[in-house]
Amino acid sequence: MGDREKYRRLRLGVGDDLETGFQTLLFLMKNPEIAEYVRHLEVHGRRSVSHGFEFDFNSPPDNLRELDLDDLKRLKVAIQTAGFTEGNEPQSVLHMLLQPYGRDLRDSSHLCHMAFKQALAALLIAISPQLESLAVFHVGEPSSETKSFALLTMLRRANRNSESIPYLQKLNRIIFLPDDCSVGSDGFWYNIAEDYHHRLNLVRRLPALKSVSFSVASWNNEAGLPPPPKSANYSDISFTHSNLAESDMCYIIDSSKALRKFTYTIGGRAQPEGGKASVTLTPIVRSLWRHRHCLEELDLDVEDNISWGELYGNEGLESTEGIDMDEDTEYEEVWEGEMSELDMKLETPPRNISLVDFPNLRSLSLGVHTLCFLARGIGPDRLDAKSFSLVHTLPASLQSIRLYGKGEEGDPILGGRKYPSDLNVDALLEKLVADKDARLPLLRIIEGFDPVIPRAKEVPEYADEDHSLLWEQPEGWLVD
């Protein structure tokens, strides 16, 4: 394997990975032309630190790691390049990295481990000017005052003033990893400690950022203050195998300046409180409407959790509320310097919305009933069953449709009341296939007929840990 392929992707985890990572850092500092090959960095771990708080990195560790003078000189230069120049930062970050490789560094719940890993990741980023994607665990809240978390400090400063730094200028994708060892990340439950607003606020202003993604995320009442409307550079938002409150999802959608791609899938994990989550699609669609002129790809695999009362009754059609006055006050306090630069005024969605209002949609991935629901329109003027035809109510820009759950029925009593379907969905789909060439000439791909693509489902709370619906993060690299 040549250097270009060997160093294209780097990974930091626990244990020996950190020592390998440190040796990689020394090598790349010595060979900056090879550091130009680095495109992807993964930093796995856990946010929780339970011991080691007595360590003070302003003072050198008892046993310093031995480095030759040239390596030590390059390390100090890299620390400067990474922006750690304030006060005692150069010395403290150096002390973090010169810790001897021992038990504390191998213990992922120890402060020494966390400090070393964050400092190592920060310097790898600083010396990799072509870095395009970053997969990272929860490194801390943007408002945290801790001095021991170098990667948190780097991201916070870069997000605040990206023009003044030479690194992270080409980073276009961030994968927010769930905690390795959190209560909600044991392979069965959703990740109940996900602080999605905190994490988005830490990176949303990075200049080249296009894509942010989460997995196994669940609603969290302490997820942080939502990003301000139209304040984020990302145009691709993805939550897979996740379950968020609709209000939080709307805040995140509204935070994008121009949303091009949106993915939301539920399932693959169980609810910590038991039972089955209910997803209300209408407020999410109303927020997506604000991006109707730029949205090109929409993937919603949530049909198993949508009330039939919303799809075929009159539920969930009311307009969503905006942020209340208390939250407005908090916005002014937290984002005071940014508020004057932002156009935070959001369009008020109309009473009726349908897929035809999205003139640039190219790709749709939806449950079959969800497709019909969005095509016939949400709102009081929804098309009745007799006058509704899929092929006449889809945007002419469509190039592909992926269908989830063809032939599957929903839960007609989800939400407490039974609503039968008033549509012959199979007949509508067959007519779509028969007439698409004449009515939708760009539509070349329709998947989900044969084979059928099962829709996402949550794991029953009584299931065992090898249940067929359980989703696990695939082994190997997160990007190709």
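Numbering-wise (my numbering), the sequence shown opens with residue 1 and increments by one.
Just so it is clear, CB atoms sit at the ideal spot from N, CA and C, and this is done for glycine as well.
Rounded straight-line distance, which links the Cα of residue j to that of residue i
| i | j | result |
| --- | --- | --- |
| Arg47 | Leu346 | 34 angstroms |
| Leu470 | Tyr7 | 33 angstroms |
| Asn314 | Ala270 | 29 angstroms |
| Leu355 | Leu131 | 37 angstroms |
| Leu177 | Val212 | 11 angstroms |
| Thr240 | Ser59 | 43 angstroms |
| Asn487 | Asp411 | Any property of residue 487 remains undetermined from this structure, which presents the chain solely from 1 to 480. |
| Glu141 | Leu281 | 30 angstroms |
| Glu296 | Phe57 | 49 angstroms |
| Asp195 | Leu28 | 33 angstroms |
| Arg160 | Arg205 | 7 angstroms |
| Ala456 | Ser468 | 12 angstroms |
| Ala427 | Ser215 | 35 angstroms |
| Ala463 | Gly268 | 12 angstroms |
| Asp304 | His44 | 32 angstroms |
| Phe116 | Pro226 | 30 angstroms |
| Glu475 | Tyr264 | 22 angstroms |
| Asp480 | Glu472 | 18 angstroms |
| Gly224 | Ser242 | 18 angstroms |
| Arg444 | Leu394 | 14 angstroms |
| Cys181 | Pro61 | Caution is warranted here: a pLDDT of 47 is assigned to Cys181, below 50, making its placement in the model unreliable, and the coordinate value is therefore given only provisionally. So the two alpha carbons sit approximately 27 angstroms from each other. |
| Lys170 | Leu69 | 32 angstroms |
| Val203 | Leu155 | 7 angstroms |
Cβ-based neighbour list, residue i, same chain, cut-off 7 angstroms, excluding 5 preceding and 5 following
| i | result |
| --- | --- |
| Val391 | Lys431, Leu432, Asp435, Lys436, Arg439, Leu440 |
| Thr320 | Caution applies to Thr320, whose pLDDT of 45 falls short of 50 and renders its modelled position unreliable; the value that the coordinates give is listed next. So the qualifying residues of the chain are Cys250, Pro283, Arg286. |
| Glu5 | none |
| Phe53 | Leu111 |
| Ala126 | Ala78, Thr81, Ala82, Tyr167 |
| Gly322 | At Gly322 the pLDDT is 45, less than 50, meaning the model places this residue with poor confidence; the figure from the coordinates comes in the next sentence. Closer than 7 angstroms at the Cβ level, and outside the excluded window around Gly322, lies no residue. |
| Leu478 | Glu42, Ala135, Ile175 |
| Glu310 | Thr280, Leu281, Thr282, Gly316 |
| Phe55 | Leu111, Cys112 |
| Ala245 | Trp219 |
| Pro454 | Gly405 |
| Lys210 | Asn172, Arg173, Tyr234, Ser235, Asp236 |
| Asp104 | Gly52, His110, Cys112, His113 |
Counterpart residues of residue i in DSSP-defined beta bridges
| i | result |
| --- | --- |
| Leu300 | Tyr264, Leu366 |
| Tyr404 | Gly367 |
| Ser133 | His40, Arg173 |
| Asn243 | Ser218 |
| Ser211 | Arg173, Asp236 |
| Leu10 | Leu41 |
| Trp189 | Ala270 |
| Glu163 | According to DSSP, Glu163 bridges with nothing at all. |
| Ser256 | Ala232 |
| Leu446 | Here the sequence assigns Ile to residue 446, which means Leu is not the residue at that position. According to DSSP, which records beta bridges pairwise, Ile446 is partnered with Ile401. |
| Ile306 | Val279 |
| Ile378 | Ile353 |
Own chain partners of residue i with C-beta closer than 6 angstroms, once the 5 adjacent residues on each side are dropped
| i | result |
| --- | --- |
| Tyr101 | Glu19 |
| Lys406 | Val368, Gly448, Val452 |
| Arg292 | Asp357, Phe358 |
| Asp3 | Ile34 |
| Leu366 | Leu300 |
| Ser363 | Glu297, Ser400 |
| Arg9 | His40, Trp477 |
| Lys257 | Lys230 |
Member of the options whose CA lies at the smallest distance from the CA of residue i
| i | options | result |
| --- | --- | --- |
| Ala208 | Ala217, Asp343, Asn172, Ser218 | Asn172 |
| Ser50 | His113, Leu120, Asn159 | His113 |
| Asp71 | Gln473, Asp17, Leu10, Thr24 | Thr24 |
| Val425 | Ile266, Lys386, Val459, Gln473 | Lys386 |
| Ile446 | Leu398, Glu461, Lys457 | Leu398 |
| Arg217 | Gln169, Phe188, Ala122 | The sequence given here has Ala at residue 217, not Arg. Answer by Cα proximity: Phe188. |
| Leu423 | Gly476, Arg382, Pro460, Arg455 | Arg382 |
| Ala121 | Asn88, Pro460, His40 | His40 |
| Ile306 | Ser278, Phe116, Arg376, Phe373 | Ser278 |
| Leu442 | Asn360, Gly377, Arg376 | Asn360 |
| Asn221 | Leu429, Gly379, Asn201, His197 | His197 |
| Glu273 | Tyr264, Glu461, Leu69 | Glu461 |
| Leu403 | Lys170, Gln91, Asp450 | Asp450 |
| Trp289 | Thr348, Leu12, Pro61 | Thr348 |
| Glu11 | Ser92, Thr85, Leu414, Ser133 | Per the sequence presented here, residue 11 reads as Arg, with Glu not at that position. That would be Ser133, whose Cα lies nearest to the Cα of Arg11. |
| Trp308 | Tyr419, Pro129, Ser92 | Tyr419 |
Same chain, Cβ closer than 8 angstroms to residue i, neighbours up to 5 away in sequence not counted
| i | result |
| --- | --- |
| Pro228 | Ser255, Tyr331, Trp335, Glu338, Met339, Leu342, Met344 |
| Phe388 | Cys372, Ala375, Arg376, Leu423, Leu428 |
Below-8 angstroms beta-carbon distance, residue i vs any chain D residue
| i | result |
| --- | --- |
| Lys117 | Of the protein chains in the structure, only one exists, and it is not chain D. |
The segment 145 to 152 in contact with the segment 222 to 232 per 3-pair CB rule at 8 angstroms: no
The segment 90 to 98 contacting the segment 63 to 80, beta-carbon criterion three pairs below 8 angstroms: yes
Three-pair Cβ contact test at 8 angstroms for the segment 56 to 69 versus the segment 28 to 40: Under the 8 angstroms Cβ criterion, the segment 56 to 69 does not count as touching the segment 28 to 40, having fewer than three qualifying pairs.
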